[in-house]
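K.L.:
Just so it is clear: in the sequence shown, position 1 is 0 by numbering that gives the first Met the number 0, and no numbers are missing. Note that the Cβ used here is the ideal one computed from N, Cα and C, for glycine as well. In this text the structure is predicted, and so the values were computed from the model without any measurement. Mind looking over this structure? Questions follow.
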Amino acid sequence: MRYAKALYELAREGGKTGGVLEDLAGLKAAFDSDLERFAGLMHPRMDTKRKDAILTEHFLVGRDPSVSNLMRLLIKHRRESVLKDFFRVYLEIHEQNEGILRVEVETATRMEPSVAQSVRQQIADVTGKKVVLEARTVPGILGGMRLRVGSHLLDGSTQRRLERIERGLRKVPVES
Numbered sequence: 000m001r002y003a004k005a006l007y008e009l010a011r012e013g014g015k016t017g018g019v020l021e022d023l024a025g026l027k028a029a030f031d032s033d034l035e036r037f038a039g040l041m042h043p044r045m046d047t048k049r050k051d052a053i054l055t056e057h058f059l060v061g062r063d064p065s066v067s068n069l070m071r072l073l074i075k076h077r078r079e080s081v082l083k084d085f086f087r088v089y090l091e092i093h094e095q096n097e098g099i100l101r102v103e104v105e106t107a108t109r110m111e112p113s114v115a116q117s118v119r120q121q122i123a124d125v126t127g128k129k130v131v132l133e134a135r136t137v138p139g140i141l142g143g144m145r146l147r148v149g150s151h152l153l154d155g156s157t158q159r160r161l162e163r164i165e166r167g168l169r170k171v172p173v174e175s
């Protein structure tokens with residue numbers, strides 16, 4: 000999305016990409032906690048001046064001027080639909096430019112911090128990137144772990160291994 004990229008470039012020139020990211024995270028949290036007002040911003044029949052007033056009064060207080068100005072510009076030009084995914088897109092751009100790799104890890108039980116650190120370090124060693132792990136438990140995988148990096152899934156779960164064994168056994172001829 001060009002707006003997020005433009006904001007990132009502006010923030011980079013000012014040496015404040017991390018600060019803008021924090022500001023956008025705060026803005027997203029404000030949107031999420033006040034869904035009624037956010038829905039008003041998204042409503043096509045609401046006047047842009049009213050939208051600007053709501054945005055300025057309820058969501059932009061204390062924000063970085065570059066964030067505030069861009070959000071107001073989006074409202075002015077009726078690009079409200081961009082607001083829903085703005086934080087996610089900016090975060091992706093930020094992480095890509097900062098050499099950060101986000102990895103989702105699924106395990107059957109809660110992962111111990113030492114194991115998480117070991118997994119993080121191994122991935123960092125292989126990729127050369129700073130790794131952010133997002134761990135969650137999925138009891139259905141029985142054991143092992145699944146790693147998701149972007150759209151790629153690396154499945155080292157016990158469930159997957161059992162499925163491969165089962166497929167192999169089905170190919171074995173059995174005498175009756």
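Take arginine 44 as the anchor and find which of Arg87, Ile74, Arg135 has the nearest alpha-carbon.
P.N.:
Ile74
K.L.:
Would you call the segment 96-114 in contact with the segment 51-70, where contact means no fewer than 3 C-beta pairs closer than 8 Å?
P.N.:
Verdict: no, contact absent.
K.L.:
Tell me whether alanine 3 is buried or exposed, calling it buried when 16 or more other Cβ atoms sit within 10 Å of its Cβ.
P.N.:
Buried: at least 16 other Cβ atoms inside 10 Å.
K.L.:
From Arg11, Met70, Leu23, pick the residue whose C-alpha is nearest to that of arginine 87; which is it?
P.N.:
Leu23
K.L.:
Between which two residues does the alpha helix (DSSP H) containing threonine 47 stretch?
P.N.:
47-53
K.L.:
If we ignore side chains and look at the alpha-carbon of each, how far apart do arginine 147 and leucine 82 end up?
P.N.:
Cα to Cα, arginine 147 sits roughly 26 Å from leucine 82.
K.L.:
Taking the C-alpha atoms as reference points, what is the distance between leucine 40 and glutamate 79?
P.N.:
7 Å
K.L.:
Identify whether serine 150 lies in helix, strand or coil by the three-state DSSP scheme.
P.N.:
coil
K.L.:
Please say whether alanine 134 and alanine 115 have beta carbons closer to each other than 8 Å?
P.N.:
yes
K.L.:
Do the CB positions of valine 102 and isoleucine 122 come within less than 8 Å of each other?
P.N.:
yes
K.L.:
Got a sec: is the Cβ-Cβ distance from methionine 110 to anything in chain B below 8 Å?
P.N.:
Annotation note: the requested chain B is absent from the structure, which comprises a single protein chain.
K.L.:
Near leucine 153, which residues of its chain fall below 6 Å by C-beta distance, leaving aside the five closest residues on each side in sequence?
P.N.:
Leu146
K.L.:
Buried or exposed: which applies to valine 104, given that a residue is buried once 16 or more other Cβ atoms fall within 10 Å of its Cβ?
P.N.:
buried
K.L.:
Helix or strand or just coil, what does DSSP make of methionine 70?
P.N.:
helix
K.L.:
Span of the beta strand (DSSP E) holding alanine 134?
P.N.:
129-136
K.L.:
Under 8 Å by Cβ, that's how I've got lysine 128 and leucine 90 pegged, so tell me the actual separation to the nearest angstrom.
P.N.:
Contact annotation, lysine 128 with leucine 90: C-beta distance approximately 15 Å; criterion of less than 8 Å not satisfied.
K.L.:
Compute the Euclidean distance between the alpha carbons of serine 156 and isoleucine 140, then round it to the nearest angstrom.
P.N.:
Approximately 6 Å, taken between the alpha carbons.
K.L.:
Helix, strand or coil: which one does DSSP assign to glutamate 162?
P.N.:
Helix, per DSSP.
K.L.:
If we ignore side chains and look at the alpha-carbon of each, how far apart do proline 112 and glycine 18 end up?
P.N.:
28 Å
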